[in-house]
Amino acid sequence: MPSGLDAAEAVSLILNYVTAYQMLHRSVKVRPGQRVLIHGAAGGVGSALLQLGRLAGLEMYGTCSSRGAPVVSDLGTIPIDYQNQDFVKEIHRLTGQGVDVVFDSIGGTHIWRSRKALRRGGRVVAYGLTSSLRGGRLASGRSGGRHRYRAILIFGLYIAGGWLLPGRKRVVPYSIQTLKRLKPALFRQDLIALFELLQQQKIKPLIARRFPLAEARDAHELLGKGGVTGKIVLVSNASSLESGAA
Ligand SMILES: NC(=O)c1ccc[n+]([C@@H]2O[C@H](COP(=O)([O-])OP(=O)(O)OC[C@H]3O[C@@H](n4cnc5c(N)ncnc54)[C@H](OP(=O)(O)O)[C@@H]3O)[C@@H](O)[C@H]2O)c1
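Below, the structure written as structure tokens:
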């Protein structure tokens, strides 16, 4: 890690920002002026997509609850309240033809609705299964193995549907673990690019709270309650509790 960076901000890059960066620049190779829809836009990966998408010159729309709307608009994105609005209708109303890319962290049948928000030739990048979790557990009550099998089956059907149905709309899966395993050099390269952006203050990870390591239990309890915008970071020394401390 380059010297002079805030350790809590730097650690926030490793999962959320590498995921966002690789989806934008490796899975779909976005171009300035393209229109994108980001689900879970106020979340960890969502807010990283908004910051990196703004640097890439994208026109952005983001689903979030009303609580997340201010964060989303501050990052230059038009918020869509997923709890009170139909995002497919809203995207077609706002854009006419639909968007070039949807980043879908919700998973399951939601991926198919995301596909409906695409213009002809667009892509859904499917990378999460937020819809299958409730209160930190699987919402379906199925065992982990059966749940995984079903999720993979749905993914497979949607990927195949993208190729077989008219409109050239494709579903592209993304997994940071798989890409890191297959192409570790890309992970290193992308993390270095992100450290540079952090050093140049072009990105700013959202840190909800910093806890001393000894208060890890409180940090987990806060995480379990949900509704936190940004990362909860455990720090090993008191000086790192201050924002901006290295
Ligand atoms: N494939 C990969 O390599 C990879 C890498 C990193 C993360 N992920 C996955 O990506 C997903 C998101 O991770 P994260 O760290 O960003 O989670 P997070 O910080 O908890 O954010 C999730 C966001 O989704 C919102 N949300 C929940 N249901 C929604 C819906 N139906 N429509 C729109 N937004 C909704 C939540 O908003 P409210 O709380 O306001 O409702 C929250 O802001 C997780 O499933 C995670 O496992 C995958």
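Residues 49 to 294, numbered by our numbering, are exactly what the sequence shown covers, in order.
Glycine is no exception: its CB is placed at the ideal position from the N, C-alpha and C atoms.
Take L103, set aside five residues on each side of it, and the residues of its chain with a beta-carbon closer than 8 Å to its own are L245, K250, I251, in chain order. The beta carbon of I240 sits closer than 7 Å to no other beta carbon from its chain once the five residues preceding and following it are set aside.
Within the model, the alpha-carbon separation for T157 versus A58 is close to 34 Å. Its chain contains D152, I159, V219, P221 as the residues whose beta carbon lies nearer than 6 Å to that of A174, once the 5 sequence neighbours on both sides are disregarded; these appear in chain order.
For P221, the enclosing beta strand (DSSP E) begins and ends at 218–221. E263 is bridged by DSSP to nothing; it lacks a bridge partner. Listed in chain order, the non-local C-beta contacts of G124 below 6 Å within the same chain comprise R102, local neighbours out to five positions each way being set aside. Checking the 7 Å criterion, the Cβ of G204 is out of range of every heavy atom belonging to ligand 1. Secondary structure of Y109 (DSSP, three-state): strand. When C-beta atoms of the segment 73–92 are compared with those of the segment 102–122, three or more pairs fall below 8 Å, so the two segments count as touching.
Shortest Cα-Cα distance from L166 to any of T178, G176, D148, G155 involves D148.
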